[in-house]
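Per numbering that gives the first Met the number 0, the sequence shown starts with residue 0, numbered consecutively. Here is the structure we will look at.
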Amino acid sequence: MSMTLPEHAVVTIHTFIQDHVRAAGGSGVVVGVSGGLDSAVVLKLAVDALGPDGVVALLMPEAPQGVDLEDARTLCKDLGVRFEIIPIGPLVDALGCSAGVDDPRVLGNIKARVRMCLLYAVANEEERIVLGTSNKSELLVGYFTKWGDGGSDYLPIGDLYKTQVRQLAREIGVPGRFIEKAPSAGLVPGQTDEGDLGMTYETLDRILRGIEMRMTPEEISEREGVPIEDAIMVRGMVRDSIHKRRLPLVLKLGARTVGRDWRE
0 MSMTLPEHAV VTIHTFIQDH VRAAGGSGVV VGVSGGLDSA VVLKLAVDAL
50 GPDGVVALLM PEAPQGVDLE DARTLCKDLG VRFEIIPIGP LVDALGCSAG
100 VDDPRVLGNI KARVRMCLLY AVANEEERIV LGTSNKSELL VGYFTKWGDG
150 GSDYLPIGDL YKTQVRQLAR EIGVPGRFIE KAPSAGLVPG QTDEGDLGMT
200 YETLDRILRG IEMRMTPEEI SEREGVPIED AIMVRGMVRD SIHKRRLPLV
250 LKLGARTVGR DWRE
């Protein structure tokens, strides 16, 4: 099954960003830049669409040093983008201590939610919109933190699978070090996306494309040459993460209910 980048994707994304900034009446966008591929791609797309003055980048590492931070800083400088570095370690420690939390996974989700709060603080202060960096692979299997990195105004690469994002990165000239770097959510030390998911993004995306085409696990396994157990597992991940892709469910008591039959 073809996983090529949709035709005119770059121009379409540029127009999407420009139109929504204009509709919001804002001064531009703010992007959280981690040093990973997805945020590098979104930052480059935003700069190409709005110019450097229309973009602010927030670099929010847990500690004030590291390879990812240096990569993010270098990218911002190369693109001429104003950026701020806000180490989040003290904020995460304070929240974890206040809540009596020491589970690394819970603390990891706190990190993502702290970053979301900081992005919106800057967006509110400067009348900007928040561009999220999640891709379609992450959205479909729920590989993001609810109200953390899942919290944004718009997702310009949210309908592109991870393998397509890599193609897009090459097309728009994102430096190779971002494309070659092992993807990681950066929430737990030593964590990698593919380690958490139990398969490569290439395999995951082939399965997800089959699900998108309404194929059964048996059909996906036969057509893509992947274990049927993996296809069944991914289908379960898509099903179990539905709640992450929706706003809170509203109990219907009135004639027209927000999120159900109230059409905007």
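From the three backbone atoms N, C-alpha and C, an ideal C-beta is built for every residue, glycine too.
Checking the DSSP bridge columns, you'll see Leu57 partnered with Gly31 and Glu83. Under the three-state reduction of DSSP output, Ile210 falls in the helix class.
In this structure, Asp52 lies away from Arg176, with their beta-carbon atoms at least 8 Å apart. DSSP lists Val30 and Tyr153 as the beta-bridge partner residues of Leu130.
In the assembly as shown, Ile241 is an exposed residue. Its beta-carbon has fewer than 16 other beta-carbons within 10 Å. DSSP places Thr14 inside the alpha helix (DSSP H), whose first and last residues are Ala8 to Ala23.
Collapsing the DSSP output to three states places Val257 in a strand. By a beta-carbon distance limit of 8 Å, Glu218 does not contact Gly224. Their separation comes to about 12 Å. Under the three-state reduction of DSSP output, Thr162 falls in the helix class. Rounded to the nearest whole angstrom, the CA to CA distance from Ile156 to Val40 is 9 Å.
In this structure, DSSP gives Glu263 a state outside helix and strand, which the three-state scheme calls coil. Contact between Asp77 and Ser33 is ruled out by a C-beta separation of about 16 Å, above the 8 Å threshold. Taking all protein chains in view, the Cβ of Glu228 is surrounded by fewer than 16 other Cβ atoms within 10 Å, so the residue is classified as exposed. Annotation: the continuous alpha helix (DSSP H) that includes Ile178 extends over Gly175 to Glu179. Around the beta-carbon of Ser183, 16 or more other beta-carbon atoms lie within 10 Å, marking it buried. Contact between Arg127 and Gly27 is confirmed by a C-beta separation of about 5 Å, below the 8 Å threshold.
In the three-state reduction of the DSSP assignment, Val40 falls in the helix class.
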